[in-house]
Structures are given as structure tokens and as C-alpha cells.
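Chains as they are written, first to last, in the working numbering: chain H, 1 to 240; chain V, 1 to 127.
Dropping the structure here:
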């Protein structure tokens, strides 16, 4: 006899979810993580909706005035924050279920740093001390995302961010020094984790996962971030 | 009607939220409606503001660093200020927590502006 009552149905399993006795704990962790994500999304969503609603209620002639400008700025900041959260959330999900294709290639580290640094907040300055000829073996898009998250964290208080990189045990080691590393934000956030008002609550967990997918490591040490990524053993790296 | 009465008296509303954009937006909305506003980033700051400014309504987030909404509500009652009406503004969608701390109202983010104004006006009109 088929039991089709709600009690008799097994909760549906997702790709990447463990079976057996680990499943309930895994599911509980996922639910707690999603509760955190929902919480993080609701704040900027509120601000975006309110500012848009207030703009819509304003007489057209006043929208170009100071209050209209303030509301438009508020709306834009909230939406930018939402975009960061949503992008990180979906990348994290895709990484978790193995739903992303990693295209490894030789990537010059200075190019990646330049691209990642383009997103630094105004007032932050990047200083680089790189061994010459450093080539990563990595997916360019994912590696840029990883470095962008780490640089953004190090630059969150403005000022100078220092990146030193060298060959180390077959890989390339980067040390990123700026604001105190957010060690507590490297772990997957769960219900009750600290909120993040720039929309970067998922950036470091995503970066940590990206580092692992690329065969490397992202860690927070007391005064700096340490990133270790595979080196490309091509001719451009010879002699370094 | 309730909103018009509340605006006429210019009640002071204390907004407590750790998100600076939420604070700015809600204060802007209330200010435009004629309310006086004060703000705090956590429960501990909010206790200082209550002592200094005697708000008539408190809009309270629950999840905050330093001192969260539940701890703030307990401390408020312990200090003899339990009569100030609290409207919980929460992003976790759990109304039970608001009920548990004796809040007068509950708004789940993202709520609409008219709901916010109605809850504040109702709380200010019936302290």
C-alpha cells in the first residue's frame, strides 16, 4: 500500500546532500544557513522598496531635489548590496552541488589582482610585492572572485592593503594585509550570525569554497589573510 | 485619523536597528510624517537613549550585536520603563519572538510604509 500522507513522505533530497544518518543534521544546517541568508536579504530589500515607494509618491517636480537625490542614492546602495548577496548566494549554492564548470588555465597573478582591485572602495590603495612571473593554474573568473572578496575585506576600513606573493611548495602563496582579518566570517553563516551591512556576509565563505575548488586554501591569520593557490608549471614561471 | 492625531502631537520614536541603512530610511520616513526621531544601533545604546530622551514608541529590531532586542526589552522592564510600547521590526519573520517579549506590534521586513506608519501611530495613540 502506498503511503501518500504528508507524514509518510520523505523530505526531498538535493544534489550533494548526504544520505543516511547525516542527512537530518545536514538539512538542519542548511535551513539555518538559509534563514540567515533570508535575514540578510530582507534588510536591503526593505530599504530599496521604501526609497522607491517614497520616490514614487513624490511630486515629479521634487524628484530632482535633494530629498529625491538622497532617496535615489539609498535605493542604489540597497540594490548594490542585494546584488552582492544574491551573486554570492547563487555561486555558493552552485559550488555546493558541483554545478559549476571550473576552467583551469595559466593566469598571471598581476592581471587578477588588477581586476580584483578595480572593485576596491574609494580611498583604499593597493600595494603589491610580487615575485616576478607568478602564474596561477586557476579558473580566471573564480580566482578573481576569490581575490576580490579578500581584498574587499582587507580594505573595508579604507587605507592601504598590501599584497605579497611568492612561490611556496608548488603553489603560490599570497599574504593580504589591511584591516584585521574577519576570521569569524570565513565560516558558513547560520541563523544568528552577525549581519553585514555592505552585502558581503557571504563573500568570504564563498571565497573559501572557491579556494578549495581551485585546489587551494584561504585562511585568516591574526594580522593577514593567507591564500594558497596552485601554480602553473609553464615556461613563464621558470626561474622564479 | 490615528496617524493624524499622532503626527499632531509630534511623538518621539526611538528606532533601534544595527543596519545603518534601515535606521536612515525609517528615520527619514517618520521625520517626513512629522514624528521626532531618535536612533540607536543596539540595545545598550537604546537604553541610554530611553534614559536621556524618554521616547513614546520604540521600533525594535531583534538580532543586533552587543545587546539584542530580547535583552533590551528585559532590561527596559527591569528599569521600570516597560510601559513604553514596542513595535518589533524583524527580518527573521518570526512573530512569536515579538509576542514573547510583550511587543505591541510586529512588522516583518520588508513591510510597507503605510503598515509602519499605522503601527507607530497606533502605539503612540494608545500608550
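We put the beta carbon where it would ideally sit given N, CA and C, even for glycine. These figures come from a predicted structure and were not determined experimentally.
Status (buried if at least 16 other CB within 10 Å, exposed otherwise) for residue i
{"i": "residue 107 (chain H)", "result": "buried"}
{"i": "residue 96 (chain V)", "result": "exposed"}
{"i": "residue 39 (chain V)", "result": "buried"}
{"i": "residue 200 (chain H)", "result": "buried"}
{"i": "residue 33 (chain H)", "result": "buried"}
{"i": "residue 126 (chain V)", "result": "exposed"}
{"i": "residue 76 (chain H)", "result": "exposed"}
{"i": "residue 172 (chain H)", "result": "buried"}
{"i": "residue 216 (chain H)", "result": "buried"}
{"i": "residue 11 (chain V)", "result": "buried"}
{"i": "residue 51 (chain H)", "result": "buried"}
{"i": "residue 121 (chain V)", "result": "buried"}
{"i": "residue 156 (chain H)", "result": "buried"}
Residue-chain proximity (residue i, chain H), Cβ-Cβ < 8 Å
{"i": "residue 67 (chain V)", "result": "no"}
{"i": "residue 21 (chain V)", "result": "yes"}
{"i": "residue 25 (chain V)", "result": "yes"}
{"i": "residue 18 (chain V)", "result": "yes"}
{"i": "residue 58 (chain V)", "result": "no"}
{"i": "residue 55 (chain V)", "result": "no"}
CB contact below 8 Å: residue i versus chain V
{"i": "residue 182 (chain H)", "result": "no"}
{"i": "residue 194 (chain H)", "result": "yes"}
{"i": "residue 76 (chain H)", "result": "no"}
{"i": "residue 69 (chain H)", "result": "no"}
{"i": "residue 108 (chain H)", "result": "no"}
{"i": "residue 42 (chain H)", "result": "yes"}
{"i": "residue 28 (chain H)", "result": "no"}
{"i": "residue 46 (chain H)", "result": "yes"}
{"i": "residue 197 (chain H)", "result": "yes"}
First and last residue of the uninterrupted beta strand (DSSP E) at residue i
{"i": "residue 134 (chain H)", "result": "Premise fails: residue 134 (chain H) is in no beta strand (DSSP E) and is neither H nor E."}
{"i": "residue 108 (chain V)", "result": "105-108"}
{"i": "residue 108 (chain H)", "result": "104-108"}
{"i": "residue 90 (chain V)", "result": "86-90"}
{"i": "residue 98 (chain V)", "result": "No beta strand (DSSP E) contains residue 98 (chain V), which is instead part of the alpha helix (DSSP H) from 95-100."}
{"i": "residue 228 (chain H)", "result": "225-230"}
{"i": "residue 14 (chain V)", "result": "12-16"}
Cβ shell of residue i (< 7 Å), same chain only, five flanking positions each side left out
{"i": "residue 47 (chain H)", "result": "74, 78"}
{"i": "residue 63 (chain H)", "result": "55"}
{"i": "residue 104 (chain H)", "result": "137, 138, 139"}
Beta-carbon contacts of residue i that lie in its chain and below 8 Å, excluding the five residues immediately before and after
{"i": "residue 143 (chain H)", "result": "107, 112, 136, 210, 214, 229"}
{"i": "residue 23 (chain V)", "result": "15, 17, 39, 41"}
Neighbourhood of residue i by C-beta, 6 Å cutoff - its chain only, sequence neighbours within 5 removed
{"i": "residue 129 (chain H)", "result": "164"}
{"i": "residue 8 (chain H)", "result": "At residue 8 (chain H) the pLDDT is 40, less than 50, meaning the model places this residue with poor confidence; the figure from the coordinates comes in the next sentence. There are no such residues."}
{"i": "residue 44 (chain H)", "result": "78, 81, 82"}
Element boundaries [alpha helix (DSSP H), containing residue i]
{"i": "residue 205 (chain H)", "result": "203-213"}
{"i": "residue 120 (chain V)", "result": "113-125"}
{"i": "residue 198 (chain H)", "result": "Counting along the chain, residue 198 (chain H) falls outside any alpha helix (DSSP H), and DSSP gives it neither H nor E."}
Per-residue contacts from residue i into chain B (C-beta, under 7 Å)
{"i": "residue 91 (chain V)", "result": "The structure shown contains no chain B; the protein chains it does contain are H and V."}
**Prompt:** What are the start and end residues of each continuous beta strand (DSSP E) run of 3 or more residues lying completely inside the stretch 20-71 of chain V, in chain order?
**Reply:** 36-40, 57-60
**Ordered list of alpha helix (DSSP H) runs contained in the stretch 21-76 of chain H, each at least 4 residues** = 22-57
**Asked** Where are the beta strand (DSSP E) runs, 3 residues long or more, that stay fully inside the stretch 136-172 of chain H, in chain order?
**Response** 159-168
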